[in-house]
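K.L.:
Residue 354 in our numbering is what sits at position 11 of the sequence shown, and the numbering runs on without skipping anything.
Please read through the structure below; I'll follow up with questions.
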Amino acid sequence: GSKQNKNLDSIITLANMDTSNVGLVICNMNLLLSLLLLSTIVASNALKNDEVSMGTTILAVRYKGGVVVGADTRTSVSGYVSNRYAAKLTFVLDREVDEFVTYESNDASLLNAPSVDASTCVICRSGSAADTQHLASVVRTELVSRQLLYRIRGTVTHVASLLRNLLANESLSASLICAGYDCELGRGVIYTITPGGTVFEEKAWAAGGSGSTYILGHLDSCHPKDEIGMNSDDQILNSEEEALDFVSKALSLAMERDGSSGGFIRMYVINKEGKRFVSKFVDKGNERKNSDDENTSQSLLPHFAPAVKRNSPSAKFIH
Numbered sequence: 344g345s346k347q348n349k350n351l352d353s354i355i356t357l358a359n360m361d362t363s364n365v366g367l368v369i370c371n372m373n374l375l376l377s378l379l380l381l382s383t384i385v386a387s388n389a390l391k392n393d394e395v396s397m398g399t400t401i402l403a404v405r406y407k408g409g410v411v412v413g414a415d416t417r418t419s420v421s422g423y424v425s426n427r428y429a430a431k432l433t434f435v436l437d438r439e440v441d442e443f444v445t446y447e448s449n450d451a452s453l454l455n456a457p458s459v460d461a462s463t464c465v466i467c468r469s470g471s472a473a474d475t476q477h478l479a480s481v482v483r484t485e486l487v488s489r490q491l492l493y494r495i496r497g498t499v500t501h502v503a504s505l506l507r508n509l510l511a512n513e514s515l516s517a518s519l520i521c522a523g524y525d526c527e528l529g530r531g532v533i534y535t536i537t538p539g540g541t542v543f544e545e546k547a548w549a550a551g552g553s554g555s556t557y558i559l560g561h562l563d564s565c566h567p568k569d570e571i572g573m574n575s576d577d578q579i580l581n582s583e584e585e586a587l588d589f590v591s592k593a594l595s596l597a598m599e600r601d602g603s604s605g606g607f608i609r610m611y612v613i614n615k616e617g618k619r620f621v622s623k624f625v626d627k628g629n630e631r632k633n634s635d636d637e638n639t640s641q642s643l644l645p646h647f648a649p650a651v652k653r654n655s656p657s658a659k660f661i662h
């Protein structure tokens, strides 16, 4: 009796309730859930707020004798160009810098250890500027520690392995090209490292960054084809001059189309003798000029501090 009457009264009350307010509340809840889900997806796939992005174009190409690497010099924050003269090529193995390591031993074979067999390696950085700088610093510190403690000189393969381990175990926004002259292999080597830590060795060339998508077809058309049965040496360029022209032309095309690439072109020739700097810039008359002197090219940039001289005592401890 009494329980049935209470249930009946509840049903009548719900039936007479204004359903318009209930529908409005449900609609607002769905909208809030959709916005929350969208913000979560965007935050997981994008850089942090105010994080410097190395939206860039990086390129490395092999030739018979070594490797030529190049990159533009623009960095940005949410579309704003924060630096027009950024250095995106970081050397972690450099014969000129690594000469400070001394060998103290009674073994005459270890005294004045020759630097002829030393490797030269550079990391071409794209992604978050902070993350890629952190990776380069950690790798450089590890290589110097090995050289001081165990008398082991690093190689390009060692650098690629260290980068793979760091990217696989940390959540970093970085897509890298590891290139240089490997003394153990006796040739130029190019590795690409994805953000997840996957490493691929490239036979001829490797490109990365936001501007690389605009020039992939050009790179394929201008480089020797990879055909079945072709020797790996036939797929690389013959001379240093061809490699420099190949890199500078491709980067110029990328900078003309990609809004995140700009500034001037910074290139390095890496071989068994070490590294050599080459720059390419556009003057007011739109005439492209090359410079082999790093200090000369920087003096042409207004409001930009010159580099430390190589014969300066402090220059040996940079990088």
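Yeah, the Cβ is synthetic: ideal placement off N, Cα and C, and Gly gets one too.
Remember, predicted model here, so these are calculated numbers, not experimental data.
#1: Given that a residue counts as buried once 16 or more other Cβ atoms are within 10 Å of its Cβ, and exposed if not, what is K494?
#2: Taking only the alpha-carbon atoms, compute the straight-line gap between W548 and G497 and give it to the nearest angstrom.
#3: CB E583 to CB V411, shorter than 8 Å?
#4: What would DSSP say about L515, mapped onto helix, strand or coil?
#5: Could you name the residues of the same chain whose beta carbon sits closer than 7 Å to that of Y524, not counting the 5 residues immediately before and after it, in chain order?
#6: For S595, tell me which candidate among L505, I536, S514, A414 has the shortest Cα-Cα distance.
#7: Can you tell me whether R600 is buried or exposed, with buried defined as 16 or more other CB within 10 angstroms of its CB?
#8: Which residue spans inside the segment 407 to 445 form an unbroken alpha helix (DSSP H) run of at least 4?
#9: Exposed or buried, what is A550 when buried is set at 16 or more other beta-carbons lying within 10 Å of its beta-carbon?
#10: Give every residue of the same chain whose Cβ lies closer than 6 Å to the Cβ of D460, excluding the five residues on either side of it in the sequence, and list them in chain order.
#11: Which residues in the same chain have their Cβ closer than 8 Å to the Cβ of A430, if we skip the five residues on either side of it in sequence?
#12: Return the first residue and the last residue of the alpha helix (DSSP H) that E583 is part of.
#13: If we ignore side chains and look at the alpha-carbon of each, how far apart do Y423 and G605 end up?
#14: If you compare alpha carbons, which of E585, S504, S488 is closest to T535?
#15: If we count the other Cβ atoms within 10 Å of its Cβ and call it buried at 16 or more, is G470 buried or exposed?
#16: Are the beta-carbon atoms belonging to C521 and V499 less than 8 Å from one another?
#17: Let me confirm a value: K546 is counted as buried when at least 16 other C-beta atoms fall within 10 Å, else exposed. Which label applies?
#18: Go through its chain and collect everything with a Cβ distance to S558's Cβ below 6 Å, but skip five positions before and after it.
#19: I need the DSSP call for L506, collapsed to helix, strand or coil.
#20: In three-state terms, what does DSSP make of S603?
#21: Assuming I401 and G602 form a contact by the criterion Cβ under 8 Å, report the distance between their Cβ atoms to the nearest whole angstrom.
#22: Keeping to the same chain, check which residues put their C-beta closer than 8 Å to that of L541; ignore five residues upstream and five downstream.
#23: Per the DSSP calculation, L679 is bridged to which residue(s)?
P.N.:
Quick answer:
#1: Strictly speaking, residue 494 in this sequence is Arg, with Lys absent from that position. That one is exposed.
#2: 22 Å
#3: yes
#4: coil
#5: G409, V410, S462, T463, G531, I613, N614, K615
#6: A414
#7: exposed
#8: none
#9: buried
#10: C526
#11: T416, R609
#12: 583 to 600
#13: 12 Å
#14: S504
#15: buried
#16: yes
#17: exposed
#18: For the sequence presented, residue 558 should be read as Ile rather than Ser. Excluding residues within five positions, the ones whose Cβ falls inside 6 Å are A593, L596, A597.
#19: helix
#20: coil
#21: That belief does not hold up - the Cβ atoms of I401 and G602 are roughly 16 Å apart, past 8 Å.
#22: For the record, residue 541 in the displayed sequence is Thr; it is not Leu. Excluding sequence neighbours, T541 sits near R507.
#23: With the chain represented from 344 up to 662, any question about residue 679 goes unanswered, as that position is not in the structure.
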